[in-house]
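Chemist: Quick one: this structure, given as structure tokens, is what I'll be asking you about.
Pasting the structure below:
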């Protein structure tokens with residue numbers, strides 16, 4: 005996301021709308037997110053919306069000749085009702 009749009013809550017709104025559609029319209033059971041191990045801002049954002057950290061895949065891919073770790077997160081359809089109620093609370 006461009007710097008002009010950061011810090012305005014757009015990421016959270018976009019994730020909310022995506023999750024609402026996926027769970028309520030498409031009836032998915034699980035949504036998975038991945039982020040680089042070095043991207044602490046993305047990890048915090050996922051944790052703030054209620055995603056569960058499932059694990060670290062070490063040296064998962066190579067970028068510019070450097071191995072990168074990936075962190076996996078998920079939200080299950082059974083968790084969505086509670087997340088939906090609290091996603092916009094300050095935390």
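Residue numbers (the working numbering): 5 to 95. Glycine included, C-beta positions come from ideal geometry on N, C-alpha and C. Here the structure is a predicted model, which is why all the values come from computation and not from measurement.
1) Run through DSSP, which three-state label would residue 27 get?
2) What are the complete alpha helix (DSSP H) segments, minimum 4 residues, inside the stretch 48 to 92?
3) So which of 65, 63 and 51 has the shortest CA-CA distance to residue 15?
4) Does residue 79 pass the burial test, meaning 16 or more other C-beta atoms within 10 Å, or should it be called exposed?
5) Using only the alpha-carbon positions, how far apart do residue 30 and residue 42 sit?
Modeler: Judging by the given coordinates:
1) If you number the chain shown from 1, residue 27 lands on position 23. Reduced to three states, the DSSP call for residue 27 is helix.
2) 84 to 90
3) Numbered from 1 along the chain shown, position 11 holds the residue referred to as residue 15. Measuring from the Cα of residue 15, the nearest candidate turns out to be 51.
4) The count along the chain shown starts at 1 and reaches residue 79 at position 75. Label assigned to residue 79: buried.
5) Locating residue 30 in the chain shown gives position 26, counting from the first residue. Locating residue 42 in the chain shown gives position 38, counting from the first residue. Rounded to whole angstroms, residue 30 to residue 42 spans 32 Å at the Cα level.
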